[in-house]
Amino acid sequence: MPNPTRIEIDCSTGIESIIELTDAEVAELTYQAELAAEKKAEEDAKAASDATAKAALLVKLGITADEAKLLLA
Amino acid sequence: MANTYELISSVSVGILGQTSIAFTSIPSTYTDLSLSFSLRGSQIGGGRDQLNIALNGSSSNFSGTAVYGEDGGTGSGAYTTRIAYFCGDGNTANTFGSGNLYIPNYAGSGYKSISTNSVTENNSSATYDLWMYSTLWSNTAAITSITLTPNNGPNFMQYSSAYLYGVKNA
Numbered sequence: 001m002p003n004p005t006r007i008e009i010d011c012s013t014g015i016e017s018i019i020e021l022t023d024a025e026v027a028e029l030t031y032q033a034e035l036a037a038e039k040k041a042e043e044d045a046k047a048a049s050d051a052t053a054k055a056a057l058l059v060k061l062g063i064t065a066d067e068a069k070l071l072l073a
Numbered sequence: 074m075a076n077t078y079e080l081i082s083s084v085s086v087g088i089l090g091q092t093s094i095a096f097t098s099i100p101s102t103y104t105d106l107s108l109s110f111s112l113r114g115s116q117i118g119g120g121r122d123q124l125n126i127a128l129n130g131s132s133s134n135f136s137g138t139a140v141y142g143e144d145g146g147t148g149s150g151a152y153t154t155r156i157a158y159f160c161g162d163g164n165t166a167n168t169f170g171s172g173n174l175y176i177p178n179y180a181g182s183g184y185k186s187i188s189t190n191s192v193t194e195n196n197s198s199a200t201y202d203l204w205m206y207s208t209l210w211s212n213t214a215a216i217t218s219i220t221l222t223p224n225n226g227p228n229f230m231q232y233s234s235a236y237l238y239g240v241k242n243a
């Protein structure tokens, strides 16, 4: 299976080239994608945790989310 | 104030997708550069993606700030090579992120400033991005190439496009 490609346009000639990535470039691309996926998973987990904590606090206070917004307005 | 606009080169991504888009051998005969883009990335899980820039093949010595509206909230932050947001494959089908970056005096001998605005067309009131970036490339070389890369990618999808314009002030 060929490696992914990138596109390059030479503005002096107008020639468009499709260039296959080297194995090293593919490895770097994979590494960066893994880093991004890990970061996204961390952000999602934090958002879920915050939402749970927020819901628990509202229950504890005995008010709705709309009422909390009203208090903070 | 610029009064001429001339298309230097353009590109449209084909069915296989591309991991980056590069304009090379940019002539130094204009005053400013303007690059318009419409992009969709192959990232599935996270929805939208971020756009990174490299100039003359370098992703070093970039600094910048951005203000944004995102998913009902607003904010600001400091960034380096990130210059825009665009739709990923987790967003509404067939929507793209659009934007424009402007580089004044790109062939001069001073540091290069870049202003970028972008918006994700996601057909959603709950998931969207509006971003404005100001970026400084602390390098005195004339800009001869611009490379755009998705942060998560790995690909720009089919029908993604970019148009590079040269702008003259006379």
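These protein sequences, in sequence, are chains A and B. Take the first sequence: its letters are residues 1 to 73, numbered as in the working numbering. Take the second sequence: its letters are residues 74 to 243, numbered as in the working numbering. Yeah, the Cβ is synthetic: ideal placement off N, Cα and C, and Gly gets one too. Since the model is a prediction, treat every value here as computed from it, not as a measurement.
Not one beta carbon of chain A lies nearer than 8 Å to the beta carbon of B:Ser131. CA-CA distance, A:Leu71 to A:Ser49, rounds to 23 Å. Scanning chain A for C-beta atoms nearer than 8 Å to the C-beta of B:Leu209 yields nothing, as the closest lies near 24 Å away. Inclusion of B:Thr138 and B:Ala127 in the CB contact set at 8 Å is not warranted, their separation being larger than that value. Distance check between B:Asn242 and each of B:Val192, B:Asn178 and B:Ser207 places B:Asn178 closest, using alpha-carbon atoms only.
Annotated three-state conformation of B:Thr165 is coil, per DSSP. Contact check for B:Phe229 against B:Leu89 fails: the beta carbons are separated by 8 Å or more. The beta-carbon of B:Gly226 is placed less than 8 Å from the nearest beta-carbon of chain A. Any Cβ of chain A closer than 8 Å to the Cβ of B:Gln91 would place that residue at the interface, and such an atom is present. When the beta-carbon positions are compared, A:Ala51 and A:Leu58 stay at least 8 Å from each other. Using a Cβ-Cβ cut-off of 8 Å, B:Ala95 is close to Arg6, Ile7, Glu8 and Ile9 of chain A, given in chain order.
Nearest C-alpha to B:Pro227 among B:Ser207, B:Leu124 and B:Thr189: B:Leu124. Assignment of A:Glu34 by DSSP, reduced to helix, strand and coil, places it in the helix class.
For the pair B:Gly130 and A:Asp10, the Cα-to-Cα distance works out to about 14 Å.
For B:Asn167, the number of other beta carbons within 10 angstroms of its own is below 16, and it is reported as exposed. By the C-beta criterion, the segment 96 to 111 of chain B is judged to be in contact with the segment 172 to 187 of chain B, since at least 3 inter-stretch pairs fall below 8 Å. For A:Glu67, the enclosing alpha helix (DSSP H) stretches over residues Ala65 to Leu72. Beta-bridge partners assigned by DSSP to B:Asp122: B:Phe159. Per DSSP, the beta-bridge partners of A:Glu8 are A:Ser17 and B:Ala95.
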